[in-house]
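Beneath this line is the structure, given in structure tokens, with notes to follow.
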Amino acid sequence: MNNDYIIRRNADEARARLTRALVSFAFNVSDAELVATTRCNARAAFARQIAMYLSHVAFELSLSRVASAFGRDRTTVSHACHLIEDRRDDPNFDQQLDGLERVLRDVQHPEVKMA
Amino acid sequence: MASSDKRLARLLGKLLEHPQVLSADGKGGFVGVVDGRPAFQLPAKLAAAAISRGLLEPGGVDGVMLSDVAGHWLRRINAPTSALGASANPFSFQHWRLEEREVFDPSGDLIAVQVNVENSPLLRLYRQRDEQGQGFLAAVEFAAGEKFRQDYALSAMGRVASSNWSSLRQAKGAVHDDGPHIRALDARRRVMNALVAVGPVLDRILFSLLIREQAMSVLERESRWPRRSAKVILKVALARLAHHYGLYVPNGSKELY
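In order, the protein sequences belong to chains R and U.
Using the numbering used here, the first residue of the first sequence is number 1, and each one after it goes up by one.
Using the numbering used here, the first residue of the second sequence is number 1, and each one after it goes up by one.
Listed below in structure tokens is the structure:
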């Protein structure tokens, strides 16, 4: 059981890394800003929220799993998901996130079957 | 609203724009195609929630499609929270059709307001067309009926006596008109004059169909008229009303104004 947990945890962190890399590419924010323990500027904070939202939606992880993979609180992730979901009322932004979501869905992690 | 509801609403809204049968993706979820690409993905958890609420129904081979209630649900979910009263009653909002209109407020300024155009009981009758595209009601008759309803609403005769906290904000400062009570009295006088002009039996029709919004069949039963005759009598009453309001032009043609 402990072993399962570690594998799952590693898979989640790998997914978080992938999402961060994608978001830092798509929104032109450095990875250091996304993993920072402080908020940083608004642009970086927004990109981080997008990254958390995407890993919740595309990998269908629970909010607490996303939180532990990103090293943040569960409610921070929940807030981010609410915020991004509201922003998706804008059709351009919605389309952009649709594309990113599809990219992440198409990637299969080797451990994904049991995680 | 929960964020998962919002997400479901967004996905189903897209499905409403591109109606199709979604096919199972083998993991409990469903996929759809938009513009030839597999763009639409409904994860298992959301799909289960949608099916249990009756928003999706079985279709095709192992697939699902939007059900009839999904459209209503989407309208309820997307009910504006800022519009007057709409957030409090999303169930009535799902039947509304809001349009922007410009009206004069009491101080004489033009203001833009949202109007529910489905509010009128006459509108449905007016929209009905026969095979030749002819409407049952003439434009003047419809306009007369709407004017009558507007006067009645202004007259405050049907208003509740208790305080109403959902009313429109009042303009601050001096308002240079006669005041709401004078306007109400004027409107009341217009309503009463119209009812007198229309005459004793027809006035009751106008009142029960336009103001109390009774069903025509109820009126027919109470008055012991033949079935489906109320529609014709309403047309006569509205024509009298249009004459009273002077909506017919003198040469007898039925052009409005």
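Think of the CB as a built atom: it goes at the ideal place given N, C-alpha and C, for glycine as much as any other residue.
Given the structure is predicted, the values throughout are model-derived calculations rather than measurements.
Are the beta-carbon atoms of residue i and residue j separated by less than 8 Å?
| i | j | result |
| --- | --- | --- |
| residue 48 (chain U) | residue 30 (chain U) | no |
| residue 97 (chain U) | residue 118 (chain U) | yes |
| residue 70 (chain R) | residue 50 (chain R) | no |
| residue 77 (chain R) | residue 18 (chain R) | no |
| residue 144 (chain U) | residue 247 (chain U) | yes |
| residue 199 (chain U) | residue 227 (chain U) | no |
| residue 65 (chain R) | residue 12 (chain R) | yes |
| residue 11 (chain U) | residue 66 (chain U) | no |
| residue 51 (chain U) | residue 69 (chain U) | no |
| residue 84 (chain R) | residue 53 (chain R) | yes |
| residue 39 (chain R) | residue 47 (chain R) | no |
Given this structure, state the Cα-to-Cα distance separating residue i from residue j, to the nearest angstrom.
| i | j | result |
| --- | --- | --- |
| residue 6 (chain U) | residue 43 (chain U) | 14 Å |
| residue 188 (chain U) | residue 82 (chain R) | 50 Å |
| residue 208 (chain U) | residue 8 (chain U) | 43 Å |
| residue 5 (chain R) | residue 75 (chain U) | 42 Å |
| residue 94 (chain U) | residue 73 (chain U) | 8 Å |
| residue 120 (chain U) | residue 146 (chain U) | 8 Å |
| residue 77 (chain U) | residue 183 (chain U) | 38 Å |
| residue 10 (chain R) | residue 80 (chain R) | 23 Å |
| residue 210 (chain U) | residue 86 (chain R) | 41 Å |
| residue 212 (chain U) | residue 135 (chain U) | 24 Å |
| residue 281 (chain U) | residue 142 (chain U) | Outside the shown range of chain U, which is 1 to 257, sits residue 281 (chain U), and nothing can be said about it. |
| residue 233 (chain U) | residue 202 (chain U) | 8 Å |
| residue 214 (chain U) | residue 181 (chain U) | 28 Å |
| residue 75 (chain R) | residue 89 (chain R) | 22 Å |
| residue 238 (chain U) | residue 125 (chain U) | 12 Å |
| residue 244 (chain U) | residue 197 (chain U) | 6 Å |
| residue 14 (chain R) | residue 20 (chain R) | 10 Å |
| residue 53 (chain U) | residue 112 (chain U) | 38 Å |
| residue 101 (chain R) | residue 156 (chain U) | 55 Å |
| residue 127 (chain U) | residue 107 (chain U) | 34 Å |
| residue 42 (chain R) | residue 152 (chain U) | 54 Å |
| residue 115 (chain U) | residue 235 (chain U) | 25 Å |
| residue 91 (chain U) | residue 80 (chain U) | 12 Å |
| residue 96 (chain R) | residue 216 (chain U) | 53 Å |
| residue 71 (chain U) | residue 206 (chain U) | 34 Å |
| residue 123 (chain U) | residue 103 (chain U) | 20 Å |
Taking buried to mean at least 16 other C-beta atoms within 10 Å of its own C-beta, is residue i buried or exposed?
| i | result |
| --- | --- |
| residue 24 (chain R) | buried |
| residue 30 (chain R) | exposed |
| residue 32 (chain U) | buried |
| residue 131 (chain U) | exposed |
| residue 138 (chain U) | buried |
| residue 16 (chain R) | buried |
| residue 140 (chain U) | buried |
| residue 110 (chain U) | exposed |
| residue 230 (chain U) | buried |
| residue 56 (chain R) | buried |
| residue 3 (chain U) | buried |
| residue 18 (chain U) | exposed |
Original post:
Can you find at least 3 beta carbon pairs, one from the region 56-64 of chain R and one from the region 29-44 of chain R, that sit closer than 8 Å?
Top reply: They do not touch, by the three-pair rule.
**OP:** Check whether the region 191-199 of chain U touches the region 214-227 of chain U, counting contact only when three or more Cβ pairs, one atom from each stretch, lie closer than 8 Å.
**Re:** No: fewer than three Cβ pairs fall under 8 Å.
Original post:
Do the region 56-70 of chain U and the region 20-27 of chain U make contact, defined as three or more Cβ pairs closer than 8 Å?
Top reply: Output reads yes: the region 20-27 of chain U touches the region 56-70 of chain U.
**OP:** Output the residue ranges of the alpha helix (DSSP H) runs that lie fully inside the region 105-138 of chain U and measure 4 residues or longer, sorted by chain position.
**Re:** Whole alpha helix (DSSP H) segments, 4+ residues: 121-127.
**OP:** Scan the region 56-100 of chain R and note each continuous alpha helix (DSSP H) run of 4 residues or more that stays entirely inside, going in chain order.
**Re:** As far as the region 56-100 of chain R is concerned, its whole alpha helix (DSSP H) runs of at least 4 residues are 63-70 and 74-87.
Subject >> Sequence ranges, beta strand (DSSP E) only - wholly within the region 41-67 of chain U, length at least 3 >> reply: Unbroken beta strand (DSSP E) runs of no fewer than 3 residues, entirely contained in the region 41-67 of chain U, are found at 56-59 and 63-66, following chain order.
Subject >> Those runs of the alpha helix (DSSP H) which lie wholly inside the region 2-64 of chain R and span at least 4 residues >> reply: DSSP assignment within the region 2-64 of chain R yields the following whole alpha helix (DSSP H) runs of 4 residues or more, N-terminal first: 2-27, 31-35 and 42-58.
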